[in-house]
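J.: Line by line, the protein sequences give chains A and B. Sequential numbering of the first sequence, starting at 0, is according to numbering that gives the first Met the number 0. Sequential numbering of the second sequence, starting at 0, is according to numbering that gives the first Met the number 0. Positions of the beta carbon are idealized from the N, C-alpha and C atoms, including for glycine. Quick one: the structure is below, questions incoming.
Number of protein chains: 2
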Amino acid sequence: MKLSTRARYGTRALLDLALHADSGPVRLKDIARRQDVSLQYLEHLVAPLIGAGLVSSIRGPRGGLVLGKRAGEIKMSQVVEVLEGSTAPVECVTNPDTCNRSATCAVRDLWVEIKDTVDGVMASLTLAEMVERQKKKEETKAEMYFI
Amino acid sequence: MKLSTRARYGTRALLDLALHADSGPVRLKDIARRQDVSLQYLEHLVAPLIGAGLVSSIRGPRGGLVLGKRAGEIKMSQVVEVLEGSTAPVECVTNPDTCNRSATCAVRDLWVEIKDTVDGVMASLTLAEMVERQKKKEETKAEMYFI
DNA sequence: TCTAAGTATACAAAGTTAGTCAACAATGTC
DNA sequence: GACATTGTTGACTAACTTTGTATACTTAGA
């Protein structure tokens, strides 16, 4: 049930972008540095995000990335779907024809349940809420150092 | 978020075993045939199930596999855990030290939520319930042919 | 026209998965 | 006790996926 680094890094990159979106386009290079991902690998992860319209790019000097939609309109389920494909743990969930048992397989039903549950969790969370959570966590940490 | 074939085949094999458990030990060979898995590969999948006590083996002629516990005492979460390891989608969920952001990473919190949800679904379902479901599905299918 | 950015494609190293082969161990039956 | 039947184990490998790197290219602002 592992996620690939695509989804992990990509999600973090998008959150990083959202967190720094106030001050104009955010350079990939800066995201790469802050998130400890190589610039060249990050380029691969950003491409599908741009393709899906979650991110827009601005070329040339002073260019960079901006969100393609408002953060409140970006569901985390969509982000993971774009980066990683379906969250179905097994092929037959999305494509029943790949297994001739699908119609009468109780095990498949379990995988379907799991996919639906996972999607539910991620669909109920937007990037804007992730930004809030992240800010809150950083504040709390800062306070802890202060004390 | 893919499951490996270990978990898929292994789960099906265990359900198959539970379904045919009435008439004494079930031969691996028969499970392999019914489930379309090579005998030699299935042997590898069964090994950890035996190790975890979910299955017991009987050698020699008329031998085979039997359940190591009552089906009602076998949670599906345990089955998947034995076959596949933790359901955590990301390493840092079970082992926060693998990433120095863990303490202040909102993304990690999301992965934790997902793991807990998945575990919840699978922990609330026993092998006995899977057997019931499977029988019901087969009955329903038989009826459909009859009509 | 120079430079700072993103874009695209090809390639490759490393690791994982899925599966086979082959020798072995235990046990019931005749 | 010989033999057939069943499970056990470990070595090995082919294929695939992941995780990157390298390189050449495009766009656009100063």
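Under a CB-based cut-off of 8 Å, is B:ARG132 close to chain A?
T.: Here residue 132 of chain B is taken as the residue at index 133 of the second sequence, counted from 1. At least one chain A Cβ lies under 8 Å of B:ARG132.
J.: Counting contacts by CB-CB distance shorter than 8 Å, is A:VAL106 in contact with chain B?
T.: One-based indexing of the first sequence puts residue 106 of chain A at position 107. Chain B, which has a Cβ nearer than 8 Å to the Cβ of A:VAL106, makes this yes.
J.: DSSP beta-bridge partners for A:LEU64?
T.: Numbered from its first residue, the first sequence carries residue 64 of chain A at position 65. Paired residue(s): A:VAL25, A:SER56.
J.: Could you pull the start and end residues of the alpha helix (DSSP H) that A:GLY50 belongs to?
T.: For this step, residue 50 of chain A is matched to residue 51 along the first sequence. 38-50 is the extent of the alpha helix (DSSP H) around A:GLY50.
J.: Please confirm whether A:ILE113 has its beta-carbon closer than 8 Å to some beta-carbon of chain B.
T.: Within the first sequence, the letter at position 114 stands for residue 113 of chain A. Chain B places a beta carbon closer than 8 Å to that of A:ILE113, counting this residue as a contact.
J.: Whole-angstrom Cβ separation of B:GLY63 and B:VAL25, contact assumed at under 8 Å?
T.: Looking up residue 63 of chain B in the second sequence gives position 64. Looking up residue 25 of chain B in the second sequence gives position 26. Indeed, because the Cβ distance is near 5 Å, the residues count as touching under 8 Å.
J.: Going along the segment 77-89 of chain B in order, which residues come within less than 9 Å of chain A, judged by CB to CB distance?
T.: VAL79, GLU83, GLY84, SER85, THR86, ALA87, PRO88, VAL89
J.: Output the boundary residues of the alpha helix (DSSP H) element that contains B:GLU72.
T.: As a working note, residue 72 of chain B is residue 73 in the second sequence. Premise fails: B:GLU72 is in no alpha helix (DSSP H) and is neither H nor E.
J.: Counting C-beta neighbours from all protein chains within 10 Å, is the total for A:LYS114 16 or more, i.e. buried, or is it exposed?
T.: On the first sequence, residue 114 of chain A is found 115 positions in, with the first residue counted as 1. Its Cβ being crowded by 16 or more others within 10 Å, A:LYS114 is buried.
J.: For B:THR125, which residues does DSSP report across the bridge?
T.: Reading the second sequence from its first residue, position 126 is the one you call residue 125 of chain B. Note: B:THR125 sits in a beta bridge opposite B:LYS74.
J.: For B:GLU90 and B:ASP96, what's the separation of their Cα atoms in angstroms?
T.: To locate residue 90 of chain B, count along the second sequence from 1; it is residue 91. To locate residue 96 of chain B, count along the second sequence from 1; it is residue 97. Going by the C-alpha atoms only, they are around 9 Å apart.
J.: Between A:LEU109, A:SER101, A:MET75, which has its C-alpha nearest B:ASP108's C-alpha?
T.: Counted from its first residue, the second sequence places residue 108 of chain B at position 109. Minimum Cα distance to B:ASP108 is reached at A:MET75.
J.: For A:GLY71, collect the residues of the same chain with a Cβ closer than 7 Å to its Cβ; drop the 5 residues on either side in sequence, then sort them by chain order.
T.: Walking along the first sequence from the start, residue 71 of chain A turns up at place 72. THR125, ALA127.
J.: Looking only at C-alpha atoms, which of B:ASN94, B:ARG5, B:THR10, B:THR103 sits nearest to A:CYS104?
T.: In the first sequence, counting from the first residue as 1, residue 104 of chain A sits at position 105. Comparing Cα positions, the closest option is B:THR10.
J.: Listed in chain order, which residues of the segment 36-68 of chain B have Cβ atoms closer than 7 Å to some Cβ of chain A?
T.: none
J.: Checking 8 Å against the spacing of the C-beta atoms, do B:MET0 and A:GLU83 come in under that value?
T.: The residue you call residue 0 of chain B lines up with position 1 of the second sequence. The residue you call residue 83 of chain A lines up with position 84 of the first sequence. Contact flag set, yes.
J.: Could you check whether the Cβ of A:ARG5 sits closer than 8 Å to any Cβ belonging to chain B?
T.: Looking up residue 5 of chain A in the first sequence gives position 6. Chain B contact via Cβ: absent.
J.: Which complete alpha helix (DSSP H) runs does the segment 77-132 of chain B hold, if anything under 4 residues is left out?
T.: 90-93, 105-122
J.: At a Cβ threshold of 8 Å, is B:LEU27 touching chain A?
T.: One-based indexing of the second sequence puts residue 27 of chain B at position 28. Not one chain A Cβ lies under 8 Å of B:LEU27.
J.: Could you tell me the alpha carbon to alpha carbon distance between A:ASN99 and B:ASP35, rounded to whole angstroms?
T.: Working through the first sequence from its first residue, we reach residue 99 of chain A at position 100. Working through the second sequence from its first residue, we reach residue 35 of chain B at position 36. Distance between the alpha carbons of A:ASN99 and B:ASP35 is about 11 Å.
J.: Examine chain A for any beta-carbon lying closer than 8 Å to the beta-carbon of B:LYS74, and answer yes or no.
T.: Here residue 74 of chain B refers to the residue found at position 75 of the second sequence. By this cut-off, B:LYS74 is not an interface position.
J.: Restricting to Cα atoms, I'd like to know which of B:PRO88, B:THR93, B:LYS135, B:ALA102 is closest to A:VAL106.
T.: Locating residue 106 of chain A in the first sequence gives position 107, counting from the first residue. Comparing Cα-Cα distances from A:VAL106 to each of B:PRO88, B:THR93, B:LYS135, B:ALA102, the minimum goes to B:LYS135.
J.: For A:ARG69, tell me which candidate among A:GLU112, A:MET121, A:TYR8, A:LEU14 has the shortest Cα-Cα distance.
T.: Your numbering for residue 69 of chain A matches position 70 in the first sequence. Taking each of A:GLU112, A:MET121, A:TYR8, A:LEU14 in turn and checking the Cα distance to A:ARG69, the smallest one comes out for A:LEU14.
J.: Who are B:LYS1's beta bridge partners in DSSP?
T.: For the purposes of this step, residue 1 of chain B is identified with residue 2 of the second sequence, where counting begins at 1. Paired residues: A:LYS1.
J.: Against chain A, does B:ALA12 count as a neighbour if the rule is that its beta carbon must be under 8 Å from one of theirs?
T.: For this step, residue 12 of chain B is matched to residue 13 along the second sequence. Not an interface residue.
J.: Less than 8 Å between the C-beta atoms of A:THR93 and A:ASP118, yes or no?
T.: Here residue 93 of chain A refers to the residue found at position 94 of the first sequence. Here residue 118 of chain A refers to the residue found at position 119 of the first sequence. It is not a contact, given that the beta carbons lie outside the stated cut-off.
J.: Does any residue of chain B bring its CB to less than 8 Å from the CB of A:GLU142?
T.: Position 143 of the first sequence holds residue 142 of chain A. Chain B, which has no Cβ nearer than 8 Å to the Cβ of A:GLU142, makes this no.
J.: Among B:ALA12, B:GLU112, B:ILE49, whose alpha-carbon lies nearest the alpha-carbon of B:ASP29?
T.: Counting from one through the second sequence, the residue named residue 29 of chain B turns up at place 30. If we check each option's Cα against that of B:ASP29, B:ALA12 comes out closest.
J.: Hey, A:THR158 and B:VAL120 are a contact pair by Cβ (cut 8 Å); roughly how many whole angstroms apart?
T.: In the structure as shown, chain A begins at 0 and stops at 146. Residue 158 of chain A is therefore absent and cannot be evaluated.
J.: One question on the structure: do B:LEU44 and B:VAL130 come within less than 8 Å of each other, judged by their Cβ atoms?
T.: Mapped onto the second sequence, residue 44 of chain B falls at position 45. Mapped onto the second sequence, residue 130 of chain B falls at position 131. Their beta carbons are not under 8 Å apart, which means B:LEU44 does not touch B:VAL130 by this criterion.
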